[in-house]
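Just so we're aligned, residue 4 is where the sequence shown starts under this note's numbering, counting upward by one. Beta carbons: idealized from backbone N, C-alpha and C, even for Gly.
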Amino acid sequence: MCDFLQQLNKQKDECNIVFVVTIFFIVTSFAYVPFFVDDIIYPKILSFGSIGMLLLLFSKGDMAIYLCEKKLVWSVLALLFYILVRHNGYFSVFVPIILVSVMLLLFFSERKVPNDVVGRASLIVSIGAVIICSAQSFGLMRFYESFLFTGIFDNPSGVSVLMSLCFPFVLEQWFKDRSWTTMVIIVLIVMCVVLIQSRSGILAMLLSSLMVIDINKKVNSKQTVLVLSVGLLLLICLFVLKNNSTMGRFFLYSNTLTLLKKNLFLGYGPWGYETNVMNIQAEYFMKHKLSVYGDLAGEMRHPLCEPLLLLVNYGLVGFFLLLWICSEIYKSWKQRRSVWHCCLAAFVVQSLFTYTMRYPSTWFVVILCLSQIVSGTQGIKVKKFVLPKGIVIVVLLWGSLAIGNDAKYEYQWYRQTKQEEVDLVSLEQMANNWNGNPLFFRSYAEILQNEFLFDRSNNMLERYNQYIIDFNSQIMIADNYYAMGQYKEAMSYYYKASYMCPVRFVPMKGMMRTYRRMDMNEEACQIARDIILKKPKINSFDVELIKSEARKQLWQK
C-alpha cells in the first residue's frame, strides 16, 4: 500500500512538473497585455516573475546548494550575485527577477524534468510561433510596422531565438517517434528562421542539430554531411544578402572595444553600455567624417553580443565568471551528453550575435537546461545546504510585492499616456516614486515639452541620460534650448547629435534654424547647401520637407 501511495505521489509530481514547464514556456513566449506602455516584452517579464513566485511559494521540497561536484551551480550563483551587488542600491524589477532566477535554478536542480516534456512544450511553442508569423505575412496581425515577422516579440530576433531554443528538443523528439508531424514542424521552424533572414538562427540550429545527431548516433555520415552542407549554404546566402548588416555589425563591435579600453576590469555597471556608446560613436565620426560607416550608423542600445555587453557593464570579473560557467558546462558535456547541452549551445551561438537575454522565455529555458545538467551530474554529494523555508518565503513575498508594485506603476504610466488631459501632478508623483524604468523620464519629458515646460522637460531628460544617452534625447534637449532662446546650448546638442547619426537630417535642420535665429545667415546657408547635397538613406516625406526648407533658406539670402 505504501509503495502504491509513493508511486501515486511520484506520478502526481511528474504531472505537476509537466504542467509547470509547459505553462511557463508558453506564457513567457506569448504573453501580450495591451495595458502597458511596453505591451510586448514587459508582460513576459511579469509572467516570468509571477509564475516563478507562485511556483516557489506553493512548492513542496527543498531548495538546496551542493558543494564539490556541483560547481556549475556555484558558478551561476556567483555571476548572478556579482550582478546583483553591482546594482549599487539601484532598484528595478530585475532585482526580484534575479532572485527568482536563483531560486528556480535551485528548485529545478532538485527535480528531474524528462526531455520529452520540454519536447512537447517546444512543439506547441513552435507551432504557435509559426502560426503567428504566417498571420503576419498575410497582414492579419502586426505589432511593429518596421518588420514583417516578429511573432509576439518586438523584433525578428525574438522569433529566431525562440525557434533556435525549441529546435534541439523538437529534433530529439523526432529521433524518438520518427513521426511525419514532427518532421513537418522541423521544416516549418527552419523555413521560419530562413524567411526572417536570421544568420545566427541558422548557425545555432546547425550546431545544435549536429550535437543531437552525435548524441543519437542514428544518422550516417552522408546524412550528416548533407545537413552541414545545406546549413552552410543557407548561411552564406544570407551573409551575401545582408552585406550592409555585416558591415554595420563590425562597426558596432569596434565602438564597443573602444569603450572597453576605458574601463576594462570592473566595467561601467548597469546601463553602462547605454550611457556611453553613443558618445563613443559621436567621437568616432568627429575624427572620421568621411567614413563609410556614416550611412549605416544608427541608435546603439546593445552590442548584439551578450558576452560583450557583460564585459562592458561588469568588466573582466563578470566575464571570467561567465567563462567559469562555460567551462563547467563543457566538462559536463564530456561526462554525459544530453539535449540540454545542445540547447545551451544554440543559446551561446545566438548570444554571440543578438540580444538573447532580452526575452524571458530565454531565461526560463537556460535555467531549465542548467538545472537539468546539474541534476544529472554524476559523483558523490559531499554536502548539501538546504535554504531555510522561512527565509525563502520572506524573500518570495517581498519579491511578489515588488513585482506587483512595478506592474501597478507601469499600468498607471500607460493610463497617463492615454488621457486626453495631462495630469502633471500625478506624473510628478510618479517621477518622485520612480520604479527604475528610464524610459518613463523620456516619456514624461515629451509630455512636458508638448506643454511648453521646456526647462522641466530638460530636467527629466538629464535624469534619463543618467541611464541612456541616445540620439533622440539629444535632439529633444536641443529643441528645448532652442525654444527657450538659449541658442548656444541648443547648437552644442544639435552638433553632437549630428555626429551620433551622420545619416540623419534632423540635427542639420536644427542647426540651420538656430544659425538663422542667431543672425548668422552665412553659416545657415552653408548648412542649407549641405542639406540639399546630402543623399538620404531612405526617401521620405520628412526629408523632402527639410530639403524644401533648406532651399527656401538659400532663396531668402
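Residue i, buried or exposed, once every other Cβ within 10 Å from all chains shown has been counted against 16
i, result
"R202", "buried"
"K499", "buried"
"K384", "At K384, the pLDDT of 49 sits below 50, so the modelled position is not reliable; the number obtained from the coordinates is stated separately. K384 is exposed by the Cβ-count criterion."
"V128", "buried"
"T184", "exposed"
"C346", "buried"
"D180", "exposed"
"H344", "buried"
"L512", "The question names Leu, but residue 512 in the sequence shown is Lys. Buried, because 16 or more other Cβ atoms sit within 10 Å of the Cβ of K512."
"S330", "exposed"
"T420", "exposed"
"S125", "buried"
"M208", "buried"
"W177", "buried"
"W416", "buried"
"F22", "exposed"
"V428", "exposed"
"S335", "buried"
Option nearest residue i by Cα separation, candidates the options
i, options, result
"S163", "G251, V98, V197", "V197"
"V120", "S257, Y412, F27", "F27"
"M281", "L213, P306, L191", "P306"
"N219", "M503, L355, F268, E175", "E175"
"A348", "I376, F322, G321", "I376"
"F322", "Y85, S167, E454, E492", "Y85"
"N436", "I478, S95, L60, V352", "S95"
"F367", "L108, D157, I530", "L108"
"G52", "V103, S32, K537", "V103"
"L83", "F61, S62, M106", "M106"
"P273", "W327, D298, Q469", "Q469"
"F431", "M463, F253, M521, D458", "At residue 431 the sequence reads Glu, which differs from the Phe that was named. Here the closest residue by C-alpha is M463."
"Y333", "P391, M515, L373, A124", "L373"
"F61", "F110, Y256, F33, V21", "F110"
"L131", "V509, V30, R459, Y417", "Sequence check: residue 131 is Gly here, not Leu. Among V509, V30, R459, Y417, the Cα nearest to that of G131 is on V30."
"K433", "R418, K337, N118", "One point to set straight first is that residue 433 is Met, not Lys, in the sequence displayed. It is R418."
"E492", "L213, P171, Q477", "Q477"
"V395", "G55, L165, D545", "G55"
"V315", "L267, M194, E302", "L267"
"S212", "V187, C169, I535, R252", "C169"
"L165", "L143, I192, S403", "I192"
"S167", "F508, P363, V352", "V352"
"D298", "A531, M503, Q529, K550", "M503"
"L456", "I472, V425, F443, N440", "V425"
"R252", "I216, L355, G270", "L355"
"F443", "V369, Y467, R459", "Y467"
"K538", "M515, L80, Q529, R507", "R507"
"P117", "V342, L319, A531, E454", "V342"
"A300", "L313, K290, A285", "A285"
7 Å CB neighbourhood of residue i in its chain, flanking five on each side removed
i, result
"K555", "none"
"F36", "Note that residue 36 is Val in the sequence shown, not Phe. Cβ within range, chain order: D42, P46."
"L151", "Q139, S140"
"I199", "F152, P159, V162, S163"
"F562", "It is not possible to answer for residue 562, since the shown part of the chain is limited to 4 through 560."
"Y287", "N258"
"Y317", "Y85, I86, R89, G270"
"K473", "Correcting the residue type first, residue 473 is Asp in the shown sequence and not Lys. Hits under 7 Å: M281, E302."
"S112", "V76, S374, V377, S378"
"A486", "F457"
Close-in-space but distant-in-sequence residues of the same chain around residue i (CB under 6 Å, 5 per side omitted)
i, result
"R519", "A527"
"N461", "I480, N483"
"N438", "D409, Y412"
"Y296", "F254"
"A405", "P99"
"L399", "M56, L59, L60"
Cβ neighbours of residue i in the same chain (closer than 8 Å, five flanking residues each side left out)
i, result
"Y414", "F38, F39"
"Y490", "Y484, T517, R520, M521"
"R340", "M214, D217, I218"
"Q173", "According to the sequence displayed, residue 173 carries Val and not Gln. Taken in chain order, the residues that qualify are G122, S125, L126, S129, T185, I188, I189, I192."
"T25", "V120, R123, A124, I127"
"L3", "What the structure shows of the chain is the stretch from 4 to 560, and residue 3 is not part of that stretch, so it cannot be assessed."
Any C-beta of chain D under 9 Å from that of residue i
i, result
"K115", "The displayed structure is made up of one protein chain only, and chain D is not part of it."
**Asked** What residue ranges within the segment 127-187 form continuous alpha helix (DSSP H) runs of no fewer than 4 residues, ordered along the chain?
**Response** 159-180
**Item:** Segments of 4+ residues assigned as alpha helix (DSSP H) that fall wholly inside the segment 465-533
**Value:** 474-486, 490-503, 509-520
**Message:** I'd like to know if the segment 254-264 and the segment 277-293 are in contact, where contact means that at least 3 CB-CB pairs between them fall below 8 Å.
**Reply:** yes
**Prompt:** Enumerated in chain order, which unbroken segments of the alpha helix (DSSP H) with a length of 4 residues or greater are wholly contained in the segment 246-329?
**Reply:** 246-265, 275-290
**Asked** Is the segment 74-89 touching the segment 447-458, taking contact as three or more C-beta pairs under 8 Å?
**Response** no
**Request:** Could you tell me whether the segment 308-319 touches the segment 354-366, where touching means 3 or more Cβ pairs closer than 8 Å?
**Result:** yes
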